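In the working numbering, the protein residues as written are 1 to 105.
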């Protein structure tokens, strides 16, 4: 996977919320089914690599980018780019907890 869409658009030290959130959606929305599949470690692996390549502060994505109760809304991306009908990118609480803890290591 190519993480540059995220790492080139979401940069510190301020990590602009709109810019970073949009970059995360561009990166992750095409993979909502895989990321939301709790029987795999796809989401955990994705966040591990995002942290590895982007060197983001702990909890940046878990605490900053939320759009309602269902995580990030990928509906607009689905309409424009044929993203699967599962139109929300859920940030599973366990995955976010693991990602936050791993960020400190």
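Glycine included, each C-beta is placed from N, C-alpha and C at the ideal position. This one's a predicted model, so the numbers in the text were calculated from it and none came from an experiment.
Residue i - DSSP class collapsed to helix/strand/coil
{"i": "residue 72", "result": "strand"}
{"i": "residue 53", "result": "helix"}
{"i": "residue 61", "result": "helix"}
{"i": "residue 14", "result": "coil"}
{"i": "residue 4", "result": "helix"}
{"i": "residue 9", "result": "coil"}
Through-space distance from residue j to residue i, alpha-carbon basis
{"i": "residue 22", "j": "residue 38", "result": "24 Å"}
{"i": "residue 64", "j": "residue 9", "result": "15 Å"}
{"i": "residue 57", "j": "residue 34", "result": "25 Å"}
{"i": "residue 32", "j": "residue 52", "result": "21 Å"}
{"i": "residue 12", "j": "residue 43", "result": "23 Å"}
{"i": "residue 41", "j": "residue 18", "result": "27 Å"}
Inter-residue CB distance, residue i and residue j (contact presumed, cutoff 8 Å)
{"i": "residue 61", "j": "residue 24", "result": "6 Å"}
{"i": "residue 29", "j": "residue 74", "result": "4 Å"}
{"i": "residue 7", "j": "residue 59", "result": "Not confirmed; about 18 Å, so no contact."}
Candidates the options: closest to residue i by CA position
{"i": "residue 4", "options": "17, 49, 40", "result": "49"}
Any C-beta of chain B under 8 Å from that of residue i
{"i": "residue 61", "result": "Here there is only one protein chain, and chain B is not present."}
query: Can you list the alpha helix (DSSP H) stretches of 4 or more residues lying completely in the stretch 16-47, in chain order?
result: The qualifying runs are 17-28, 32-36.
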